[in-house]
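Colleague: There's a structure below that I have some questions on.
Protein chains: 2
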Amino acid sequence: MSKPAFSAVSKESLSDSVYRQLADKILRGELPAGEPLPAERELSETLGVNRGAVREAIKRLQQARLVAVRQGGNSVVLDYRAEGGLELLPSLLVNGQGQLDTAVVRSIMAMRSALAPDIAAAAVKGGAALADELDALLAPMRRDGDLRVLQDQALAFWHKLVERGGNIAFRLAFNSMTRTYTQVWDALRLVLQAEFRDLDNLGAIAAAVRRGDAEAARRHGRLHVEIGRGALEQALDAMEGRQRLQ
Amino acid sequence: MSKPAFSAVSKESLSDSVYRQLADKILRGELPAGEPLPAERELSETLGVNRGAVREAIKRLQQARLVAVRQGGNSVVLDYRAEGGLELLPSLLVNGQGQLDTAVVRSIMAMRSALAPDIAAAAVKGGAALADELDALLAPMRRDGDLRVLQDQALAFWHKLVERGGNIAFRLAFNSMTRTYTQVWDALRLVLQAEFRDLDNLGAIAAAVRRGDAEAARRHGRLHVEIGRGALEQALDAMEGRQRLQ
DNA sequence: CACCCTCAACTGGTATGATAAGTTGACCAC
DNA sequence: GTGGTCAACTTATCATACCAGTTGAGGGTG
Numbered sequence: 001m002s003k004p005a006f007s008a009v010s011k012e013s014l015s016d017s018v019y020r021q022l023a024d025k026i027l028r029g030e031l032p033a034g035e036p037l038p039a040e041r042e043l044s045e046t047l048g049v050n051r052g053a054v055r056e057a058i059k060r061l062q063q064a065r066l067v068a069v070r071q072g073g074n075s076v077v078l079d080y081r082a083e084g085g086l087e088l089l090p091s092l093l094v095n096g097q098g099q100l101d102t103a104v105v106r107s108i109m110a111m112r113s114a115l116a117p118d119i120a121a122a123a124v125k126g127g128a129a130l131a132d133e134l135d136a137l138l139a140p141m142r143r144d145g146d147l148r149v150l151q152d153q154a155l156a157f158w159h160k161l162v163e164r165g166g167n168i169a170f171r172l173a174f175n176s177m178t179r180t181y182t183q184v185w186d187a188l189r190l191v192l193q194a195e196f197r198d199l200d201n202l203g204a205i206a207a208a209v210r211r212g213d214a215e216a217a218r219r220h221g222r223l224h225v226e227i228g229r230g231a232l233e234q235a236l237d238a239m240e241g242r243q244r245l246q
Numbered sequence: 247m248s249k250p251a252f253s254a255v256s257k258e259s260l261s262d263s264v265y266r267q268l269a270d271k272i273l274r275g276e277l278p279a280g281e282p283l284p285a286e287r288e289l290s291e292t293l294g295v296n297r298g299a300v301r302e303a304i305k306r307l308q309q310a311r312l313v314a315v316r317q318g319g320n321s322v323v324l325d326y327r328a329e330g331g332l333e334l335l336p337s338l339l340v341n342g343q344g345q346l347d348t349a350v351v352r353s354i355m356a357m358r359s360a361l362a363p364d365i366a367a368a369a370v371k372g373g374a375a376l377a378d379e380l381d382a383l384l385a386p387m388r389r390d391g392d393l394r395v396l397q398d399q400a401l402a403f404w405h406k407l408v409e410r411g412g413n414i415a416f417r418l419a420f421n422s423m424t425r426t427y428t429q430v431w432d433a434l435r436l437v438l439q440a441e442f443r444d445l446d447n448l449g450a451i452a453a454a455v456r457r458g459d460a461e462a463a464r465r466h467g468r469l470h471v472e473i474g475r476g477a478l479e480q481a482l483d484a485m486e487g488r489q490r491l492q
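Rendered as structure tokens:
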């Protein structure tokens, strides 16, 4: 997760680029709900791409429920707040200029706090086998104080919990949320460091999993993520305070 | 929601049909992760549609993270459990033959239980204005015992809570989940009737919103949805027990 | 005037066929 | 074995049709 030695070279296709541009305009409010989209032929001309590429992009906008399409009439922009699914979250976190939306950050942390306890509780069905694997993940965290390691292992810890919990809704939501905050993975490292260093609650979760104690797992799960939530809340307050002073 | 007098005639486009077929095969495990997809030209020939329709469908599969595409090589199926977002939930609830997956049902109910209390708690910021609107939604429920009315108004009640809570993550997740269980809206009516008739907790939430009492809202939110969860759990146990006897 | 019909000029939906660009695996030279 | 070559794949993009549904302006009709 942190500091990959190499990363895949990005080769964005034309339709990807068109999709990104249009989705950005919609999510930033530049194209408000109800507004008709330019015609496909017009878009393909102004963007200098083939109509097929535009159509592929619009199909994706349709799937994300950002626009409604019907033959004969222009496609129209929908209200993503009312129609969109959780998969939009990553695109909402950082707006076009790369600034992150603090309201979205708070939202994510609130959702994380709501889900984490139940994710931990659901994982107790994994029993001793899961507990062993969780302890194995904790080992390098105890040995090595490197924040990067702590952060990566903590994510792996929760990933395993949600993977073994057998709750597909939790898992899919976890995927969407993970994709959201890995965008700001580096920035989170320092802000959430108190949580990453909280090995006690993670260890307590592993122990609770081992003895099948769902309530203890839930309790320690809540305690653990609330550490990060509090820290982030403080950081955001400070950030917004500074902005107001400017 | 319930019993619309008329509903829009379905006009599925070719690419929609192709997408649905492929997504179904993947979600049902017929095309396991790692398996290469047939070539676009081959698919377009076997399905009897032009290649553009196939490409639009595959772009959507790519967006849903059901497949990975790269120029020059075949597209390959991904593990949706590890990659997919919450927007897949509706497609997972009912498998190809229209049978519903009880594990998915349980997952959804667990997620609902995890989110509902915090949704109620977040809504208290709406204050008296929101409380008035909530009471207005409860009025027809108290007047009219019709289960259909109760069900629709209860959904509207939660919709308003999540809409006013100002938490975009909650809202998008709520959208995904709503789309999931409106698929079995009629079947849920009887199973969850005890919850729909529980106006006491809904009224208590409205009252808590009015006086800004987040903890009370959270508590009554939890109590309310646990009624439905328990009822559904019983129904599923009975159903699965019957299946085992067959 | 109000109503309704017609129709041209839009819109998206589908089809065909060509070319560019990247991947794969067999083959060969060293 | 290592590395290069190349033919036969694949997806990516393009151009150009034509089909099908929507819309709004115009003109009739009562």
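Chains as they are written, first to last, in the working numbering: chain A, 1 to 246; chain B, 247 to 492. Positions of the beta carbon are idealized from the N, C-alpha and C atoms, including for glycine. Since this is a predicted model, take the numbers as computed values, not measurements.
Check whether chain B comes within 9 Å of N74(A), counting only Cβ atoms and requiring the distance to be less than that.
Modeller: For the purposes of this step, residue 74(A) is taken as residue 74 along the first sequence, with counting starting at 1. It does not: the Cβ of N74(A) has no partner Cβ on chain B nearer than 9 Å.
Colleague: What residues of chain A sit near V350(B), judged by a beta carbon separation below 7 Å?
Modeller: For the purposes of this step, residue 350(B) is taken as residue 104 along the second sequence, with counting starting at 1. Residues of chain A passing the Cβ test: I168.
Colleague: Would I108(A) pass as an interface residue toward chain B - the criterion being a Cβ-Cβ separation below 9 Å?
Modeller: Start at 1 with the first residue of the first sequence, and residue 108(A) comes out as number 108. Answer yes: the Cβ-Cβ gap between I108(A) and chain B drops below 9 Å somewhere.
Colleague: How many Å lie between V94(A) and L100(A) at the Cα?
Modeller: On the first sequence, position 94 is the one that residue 94(A) refers to. On the first sequence, position 100 is the one that residue 100(A) refers to. Straight-line Cα distance between these residues: approximately 4 Å.
Colleague: Whether or not the region 471–478 of chain B and the region 429–448 of chain B are in contact is what I'm after, with contact meaning three or more pairs of Cβ atoms, one per stretch, closer than 8 Å; do they touch?
Modeller: yes
Colleague: Looking at L172(A) and A156(A), is the spacing between their C-beta atoms short of 9 Å?
Modeller: For the purposes of this step, residue 156(A) is taken as the residue at position 156 of the first sequence. For the purposes of this step, residue 172(A) is taken as the residue at position 172 of the first sequence. No, they are not a contact pair.
Colleague: Closer than 7 Å, Cβ to any Cβ of chain B: which residues of the region 6–34 of chain A, in chain order?
Modeller: S15
Colleague: Are the CB atoms of N74(A) and L47(A) within a distance shorter than 9 Å?
Modeller: Working through the first sequence from its first residue, we reach residue 47(A) at position 47. Working through the first sequence from its first residue, we reach residue 74(A) at position 74. Result no, Cβ atoms of L47(A) and N74(A) do not sit closer than 9 Å.
Colleague: Answer yes or no: do Y265(B) and A314(B) have a C-beta to C-beta separation smaller than 9 Å?
Modeller: Locating residue 265(B) in the second sequence gives position 19, where the first residue counts as 1. Locating residue 314(B) in the second sequence gives position 68, where the first residue counts as 1. No.
Colleague: Could you tell me the alpha carbon to alpha carbon distance between S44(A) and F420(B), rounded to whole angstroms?
Modeller: If you number the first sequence from 1, residue 44(A) lands on position 44. If you number the second sequence from 1, residue 420(B) lands on position 174. So the two alpha carbons sit approximately 35 Å from each other.
Colleague: Span of the alpha helix (DSSP H) holding L190(A)?
Modeller: Counted from its first residue, the first sequence places residue 190(A) at position 190. It spans 185–191 - the alpha helix (DSSP H) in which L190(A) sits, taken as one unbroken run.
Colleague: Starting from P336(B), follow the alpha helix (DSSP H) in both directions and report where the run begins and ends.
Modeller: Mapped onto the second sequence, residue 336(B) falls at position 90. P336(B) -> alpha helix (DSSP H) spans 335–339.
Colleague: Closer than 7 Å, Cβ to Cβ, to anything on chain A: give me those residues from the region 397–411 of chain B, in chain order.
Modeller: none
Colleague: Which residues in chain B have a C-beta closer than 9 Å to the C-beta of K125(A)? List them in chain order.
Modeller: Locating residue 125(A) in the first sequence gives position 125, counting from the first residue. Per Cβ cutoff of 9 Å: no residues; K125(A) is ~12 Å from chain B at best.
Colleague: Once you ignore the five residues that flank Q492(B) on each side, which residues in its own chain have a CB closer than 8 Å to its CB?
Modeller: Within the second sequence, residue 492(B) is the residue found at index 246, counting from 1. Per-residue confidence for Q492(B) stands at a pLDDT of 49, beneath the threshold of 50, marking its modelled position as unreliable; the derived number appears in the next sentence. Hits under 8 Å: none found.
Colleague: Whose Cβ in chain A lies nearer than 7 Å to the Cβ of L338(B)?
Modeller: In the second sequence, residue 338(B) corresponds to position 92, counting from 1. Those are I168, listed as they occur along chain A.
Colleague: Give me the Cα-Cα distance between D459(B) and H405(B), rounded to the nearest whole angstrom.
Modeller: Indexing the second sequence from 1 puts residue 459(B) at position 213. Indexing the second sequence from 1 puts residue 405(B) at position 159. Going from the Cα of D459(B) to the Cα of H405(B) covers about 19 Å.
Colleague: Is the Cβ-Cβ distance between I227(A) and L161(A) less than 9 Å?
Modeller: Reading the first sequence from its first residue, position 227 is the one you call residue 227(A). Reading the first sequence from its first residue, position 161 is the one you call residue 161(A). Result no, Cβ atoms of I227(A) and L161(A) do not sit closer than 9 Å.
Colleague: Report yes or no: do three or more beta-carbon pairs, one from the region 113–131 of chain A and one from the region 179–194 of chain A, lie closer than 8 Å?
Modeller: They do not touch, by the three-pair rule.
Colleague: In chain order, what residues of the same chain have a beta carbon less than 7 Å from the beta carbon of L86(A), not counting five sequence neighbours either side?
Modeller: For the purposes of this step, residue 86(A) is taken as residue 86 along the first sequence, with counting starting at 1. Taken in chain order, the residues that qualify are A173, S176.
Colleague: Which class does A314(B) belong to by DSSP, given the choice of helix, strand or coil?
Modeller: Translated into positions along the second sequence, residue 314(B) becomes position 68. The answer is strand: DSSP assigns A314(B) an E or B state.
Colleague: At what residue ranges does the region 73–133 of chain A contain a whole run of the alpha helix (DSSP H), taking only runs of 4 or more?
Modeller: 80–83, 89–93, 102–122
Colleague: Report yes if the CB atom of S359(B) is closer than 9 Å to the CB atom of R306(B), and no otherwise.
Modeller: Reading the second sequence from its first residue, position 113 is the one you call residue 359(B). Reading the second sequence from its first residue, position 60 is the one you call residue 306(B). Not in contact: S359(B) and R306(B) (Cβ atoms no closer than 9 Å).
Colleague: Out of A39(A), G52(A), L78(A), which has the shortest C-alpha to C-alpha gap to A23(A)?
Modeller: By one-based count along the first sequence, residue 23(A) stands at place 23. It is L78(A).
Colleague: Which same chain residues end up closer than 6 Å to N201(A) when comparing Cβ atoms and leaving out the 5 residues on each side of it in sequence?
Modeller: Residue mapping note: residue 201(A) aligns to position 201 of the first sequence, counting from 1. Counting only residues of its own chain and dropping the five nearest sequence neighbours on each side, N201(A) has a CB closer than 6 Å to the CB of H220, L223, H224.
Colleague: Return the CA-CA distance between A128(A) and W431(B), expressed in angstroms with no decimal places.
Modeller: Numbered from 1 along the first sequence, position 128 holds the residue referred to as residue 128(A). Numbered from 1 along the second sequence, position 185 holds the residue referred to as residue 431(B). For A128(A) and W431(B), the distance between alpha carbons rounds to 39 Å.
Colleague: Tell me where the alpha helix (DSSP H) around D198(A) begins and ends.
Modeller: To locate residue 198(A), count along the first sequence from 1; it is residue 198. Here D198(A) belongs to no alpha helix (DSSP H), and DSSP marks it neither H nor E.
Colleague: I'd like to know whether the C-beta atoms of A310(B) and Q63(A) end up nearer to each other than 9 Å.
Modeller: The residue given as residue 310(B) occupies position 64 in the second sequence. The residue given as residue 63(A) occupies position 63 in the first sequence. In this structure, Q63(A) lies closer than 9 Å to A310(B) by Cβ.
Colleague: Of all the CB atoms in chain A, is at least one closer than 9 Å to the CB of G391(B)?
Modeller: Within the second sequence, residue 391(B) is the residue found at index 145, counting from 1. By this cut-off, G391(B) is not an interface position.
Colleague: At a Cβ threshold of 9 Å, is Q492(B) touching chain A?
Modeller: Working through the second sequence from its first residue, we reach residue 492(B) at position 246. Confidence at Q492(B) is low in this model, with a pLDDT of 49, below 50, so the placement of that residue should be treated as unreliable; the coordinate-derived value is given next. No, no contact with chain A.
Colleague: Against chain A, with Cβ distances strictly below 9 Å, would N421(B) count as a contact?
Modeller: Here residue 421(B) corresponds to residue number 175 of the second sequence, with the count starting at 1. Taking Cβ atoms only, chain A reaches closer than 9 Å to N421(B), which makes this a yes.
Colleague: Closer than 9 Å, CB to CB, is Q63(A) near chain B or not?
Modeller: The count along the first sequence starts at 1 and reaches residue 63(A) at position 63. Chain B, which has a Cβ nearer than 9 Å to the Cβ of Q63(A), makes this yes.
Colleague: Can you tell me which of the three DSSP states P36(A) falls into?
Modeller: Mapped onto the first sequence, residue 36(A) falls at position 36. P36(A): strand per DSSP, three-state reduction.
Colleague: Residues of chain B with CB under 8 Å from M1(A), in chain order?
Modeller: Mapped onto the first sequence, residue 1(A) falls at position 1. The contacting residues do not exist; M1(A) stays about 15 Å from chain B at best.
Colleague: For G29(A), which of helix, strand or coil comes out of DSSP?
Modeller: Position 29 of the first sequence holds residue 29(A). In the structure shown, G29(A) sits in coil (DSSP, three-state: anything other than H, G, I, E or B).
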